[in-house]
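What follows is the structure, given as structure tokens:
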């Protein structure tokens, strides 16, 4: 059986369940006029307070640090700390040139001393724009301990735990997104009040461009949906709108859950993907359900190597979002966007709104024949075609593939159009997209892209059930098969000596890799996998990775799976 014919067999499986992955399968209905999150945000809360901790001027920029309590969330029997406290930092010139400000929603832990001021990046954007740029920290408040269980929870562990509580109780007050959005809304109230006071030189600031990354990016979407003062949004690395469909796509591409979403596996969210209660949850928190409200300019900033989300996830929401809108996939970077020029894109977008410049007219469409058609009424300074190939799996995570995206300059035709067509690779999958660079009057260029196309359009694990109880597989990569066999013997010895977490373990060698799979309590995944990873590294493995399975079986790279499908 050839790779191409096996690929065709897998394509039949993909087509047979295509309804799971059509763009409007999940969260198709828009939210009603008022939802639980609207009611929560609007509800007055006497615990909301703020006070200026420090105010100074450095190099012509006013720096203000504010201690804000945004709300009381839940009750003492449910959570150890009910009051949400945040540091809000501002940077602005002596006289602001616009009533528009930027609010950057950030994370961080509670219990730390007041900062000296905002991040230097915030100060630079304030200087460049001549406006107020603010940073809201501790979104969500964390760590938090629930139900006196003694486990401090942060980030996705915190959210996953609370989603599980909602699924059990149907009580929307359990959803942390409510409180995260309310914190952002109260921050806007606070910024307006401070700027109207003597500290802000009695200036008017009453409109906002909101930006945030990851969970803060999700909060950015929903803040725009619930507050009409928001005139622009920049959600960063939260490429998961139309959540249920997007996550089914994740599993159908990988055949397992990436470790980045492990907290949701841990809290059994993935096992309940067909639970009507989870659908109800998404109706409350999925930004795609609020898309009719998202009429403000939007810059969606994603990482082409994100470890959480697949690079072609925009297919499930982009056409459903109202204009004006732009998207950018940043090549050769992951969820952290480290070392990239992403902040320049944020700054250029914000300056465009402050200076009342519309987004460039750069339209694109992914066609059924595998091409990307670009139509640019506004001619870009530069047009590039980016692409990367993984010969083994439909996996473009930076942590898996490395920095493999390369680019070439391309040109529009006389009608201002360009059609990108990348041939299917002999083995594996290729991801590609088109990037345009514009000068929009800012000190830095504005980069926008098309969505990402992956060829061939085959989901190798489309027929696999994503909702089975989870197990963990740790993979040790060695120099050759003999080394992998030696690793297998070492792990077998651990099992015989009773030093392995479980005696019901599957150990398998494929080429130069040794796979070790076992089932354990979900809250033990990371600790046990981490312990085995240290052992494998000590045995000479060049790299060690792990994946969270649906069920007790090891998932091998798709090329081998495709061959077995075709037999």
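In my numbering, the protein residues as written are 24 to 590. Don't be surprised by glycine CBs; every beta carbon is placed ideally from N, CA and C.
query: Taking the C-alpha atoms as reference points, what is the distance between residue 575 and residue 252?; result: 50 Å
query: Sorry if obvious, but does the Cβ on residue 126 come closer than 7 Å to a heavy atom of the ligand MG?; result: Looking for the ligand MG in the displayed structure turns up nothing, as the structure carries no ligands at all.
query: Pick out whichever of 60, 231 and 296 has its Cα sitting closest to the Cα of residue 199.; result: 60
query: Just to confirm my understanding: we take residue 274, look at its own chain, exclude 5 residues before and 5 after, and list those with CB closer than 6 Å. What are they?; result: 489
query: If distances are taken between C-alpha atoms only, which option among 272, 112, 126 and 309 comes closest to residue 418?; result: 272
query: Pick out whichever of 564, 533 and 101 has its Cα sitting closest to the Cα of residue 188.; result: 101
query: According to DSSP, is residue 331 helix, strand or coil?; result: coil
query: Of the choices 531, 365 and 426, whose alpha-carbon is the least far from that of residue 460?; result: 365
query: When DSSP labels each residue in this structure, what does residue 588 get in the three-state scheme?; result: Caution is warranted here: a pLDDT of 33 is assigned to residue 588, below 50, making its placement in the model unreliable, and no coordinate value can be reported.
query: Under 8 Å by Cβ, that's how I've got residue 133 and residue 94 pegged, so tell me the actual separation to the nearest angstrom.; result: That pair is no contact at about 14 Å.
query: Just confirm the distance between the C-beta atoms of residue 415 and residue 330, as a whole number of angstroms; I'd bet it's less than 8 Å.; result: Their Cβ separation, rounded to whole angstroms, is 17 Å, which puts residue 415 and residue 330 out of contact at 8 Å.
query: In three-state DSSP terms, what is residue 77?; result: strand
query: Would you please state the rounded distance, in angstroms, between the beta carbons of residue 430 and residue 407? I believe it to be under 8 Å.; result: 4 Å
query: Can you list, in chain order, the residues of its chain whose CB lies under 6 Å from that of residue 232, leaving out five sequence neighbours each side?; result: 125, 255, 373 and 376
query: Look up residue 511 in the DSSP assignment and say whether it is helix, strand or coil.; result: helix
query: Given that a residue counts as buried once 16 or more other Cβ atoms are within 10 Å of its Cβ, and exposed if not, what is residue 33?; result: Here the model assigns residue 33 a pLDDT of 42, short of 50, so the residue's position is not dependable, and the following value carries that caveat. When all chains shown are included, residue 33 counts as buried.
query: Could one say the Cβ of residue 201 lies closer than 8 Å to chain B's Cβ atoms, at least one of them?; result: You won't find chain B in this structure, because it holds only one protein chain.
query: Would you mind listing the beta strand (DSSP E) stretches within the region 131-218 that are 3+ residues and don't spill past its ends, in chain order?; result: 156-159
query: Pick helix, strand or coil for residue 122, following the three-state DSSP scheme.; result: coil
query: If we ignore side chains and look at the alpha-carbon of each, how far apart do residue 358 and residue 238 end up?; result: 11 Å
query: Leaving aside the five residues before and after residue 555 along the sequence, list all residues of the same chain whose C-beta is less than 6 Å from its C-beta, in chain order.; result: 497
query: What residue range is occupied by the uninterrupted beta strand (DSSP E) comprising residue 94?; result: 84-95
query: I need the straight-line Cα distance from residue 191 to residue 427, nearest angstrom please.; result: 43 Å
query: According to DSSP, simplified to helix, strand and coil, what is residue 574?; result: coil
query: Could you tell me how far apart the beta carbons of residue 203 and residue 157 are, in whole angstroms, since I believe they sit closer than 8 Å?; result: Contact flag wrong, Cβ pair sits at about 16 Å.
query: Buried or exposed for residue 333, please, with buried defined as at least 16 other CB atoms from any protein chain shown within 10 angstroms of its CB.; result: buried
query: Starting from residue 341, trace the alpha helix (DSSP H) in both directions and tell me its first and last residue.; result: Neither: residue 341 is in no alpha helix (DSSP H) and is coded neither H nor E.
query: Where residue 48 and residue 265 are concerned, what is the direct C-alpha to C-alpha distance, given to the nearest angstrom?; result: Its pLDDT being 49, under 50, residue 48 is placed unreliably in this model, and the value from its coordinates should be taken loosely. Spanning the two alpha carbons is a distance of roughly 8 Å.
query: Can you find the residues in the same chain that come closer than 6 Å, C-beta to C-beta, to residue 50, ignoring five residues on each side of it along the sequence?; result: With a pLDDT of 45 at residue 50, under the threshold of 50, the modelled position of this residue cannot be trusted, and the question is left open.
query: Give the secondary structure of residue 484 by DSSP, where H, G and I count as helix, E and B as strand, and everything else as coil.; result: coil
query: Pull up the CB-CB distance for residue 84 and residue 77, whole angstroms please, since I reckon it's below 8 Å.; result: Contact flag wrong, Cβ pair sits at about 14 Å.
query: On the criterion of 16 or more Cβ atoms from any shown chain inside 10 Å, does residue 404 qualify as buried, or is it exposed?; result: exposed
query: Report yes if the CB atom of residue 371 is closer than 8 Å to the CB atom of residue 386, and no otherwise.; result: no
query: Would residue 499 and residue 567 be called neighbours here (beta carbons separated by less than 8 Å)?; result: yes
query: Rounded C-beta distance between residue 474 and residue 456? I'm assuming under 8 Å.; result: 7 Å
query: Count the other CB atoms within 10 Å of the CB of residue 303; is the residue buried (16 or more) or exposed (fewer)?; result: exposed
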